[in-house]
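Residue numbers (this note's numbering): 20 to 244. What follows is a set of notes on a single structure, which appears directly below.
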């Protein structure tokens, strides 16, 4: 699968785990991924863990294989540069991946007036656009209460942001599906995925929602793997 996405250009504006991981995955498959951040650096540029020299291992891990630019996003020139990057011509361009939703100059309505077949994939916290992250979604779904040794009562949190990682891969598949549709039909897409919906759907597919709905017994702890 070496460079199977070679030639594809994706513009990324992101923070935290899911969307940076999506961009990294696309870059590892050969796409040109260009992320843009504010002049003072990305929100995760100083996130733990750190290297002995003090640089963020999280930042370098999540952004390997990408190109990166820092732009004054408050200036007209900066906004124009970003808009031009996202709406650049060509069948392999016009792809925008984000979880930092900006209304107005960076929304689908505005950008699609410049390039009608643009594809934007946006990850939100919940379906109403409110912020959520893995460590808020997981307890909201009750997962810590069914994790741990049988007979124990304390909730057990997951140290790995599994829902973020699943949602990131959902962003990848959504972007590639939309890009394939555009190649065949010439139509862009405004794709919005909610992290909480991804997690809810996953436990539904696993039968966990049906189990608690149809059976009278509460789900019990069943280990931590």
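Ideal Cβ placement from N, Cα and C applies to all residues, glycine included.
(message) I'd like to know whether the C-beta atoms of residue 111 and residue 27 end up nearer to each other than 8 angstroms.
(response) yes
(request) Taking only the alpha-carbon atoms, compute the straight-line gap between residue 89 and residue 174 and give it to the nearest angstrom. (result) 41 angstroms
(message) If distances are taken between C-alpha atoms only, which option among 239, 216 and 52 comes closest to residue 105?
(response) 52
(message) Tell me the residue span of the alpha helix (DSSP H) that contains residue 203.
(response) 181-204
(message) Suppose you measure from the CA of residue 171 to the CA of residue 239; what does that come to, to the nearest Å?
(response) 10 angstroms
(request) Enumerate, from N- to C-terminal direction, the unbroken alpha helix (DSSP H) stretches of 4 or more residues contained entirely within the stretch 140-184. (result) 153-159
(message) Using the Cβ count rule (16 or more neighbours within 10 Å means buried), how would you classify residue 54?
(response) By the neighbour-count rule (16 or more Cβ atoms within 10 Å), residue 54 is buried.
(request) Quick one: grab the DSSP three-state call for residue 87. (result) strand
(request) Return the Cβ separation of residue 245 and residue 63 in integer angstroms, given the expectation that the two are a contact with Cβ distance under 8 angstroms. (result) Since the first and last residues shown for the chain are 20 and 244, residue 245 lies out of range.
(message) Measuring only the C-alpha atoms, how far is residue 214 from residue 24?
(response) 25 angstroms
(message) Quick check on residue 128: does DSSP put it in helix, strand or coil?
(response) helix
(request) State the start and end residues of the unbroken alpha helix (DSSP H) segment that holds residue 32. (result) That residue, residue 32, is in no alpha helix (DSSP H); its beta strand (DSSP E) goes 28-32.
(message) Quick check on residue 153: buried or exposed, where buried means 16 or more other Cβ atoms within 10 Å of its Cβ?
(response) Taking all protein chains shown into account, residue 153 has 16 or more neighbouring C-beta atoms within 10 Å of its C-beta and is therefore buried.
(message) I'd like to confirm something about residue 238: is its beta-carbon nearer than 7 angstroms to some heavy atom of the ligand ATP, or not?
(response) This structure lacks the ligand ATP; in fact it carries no ligand of any kind.
(message) Please return the same chain residues whose Cβ sits closer than 7 angstroms to the Cβ of residue 160, not counting the five positions on each side in sequence.
(response) 218, 219 and 222
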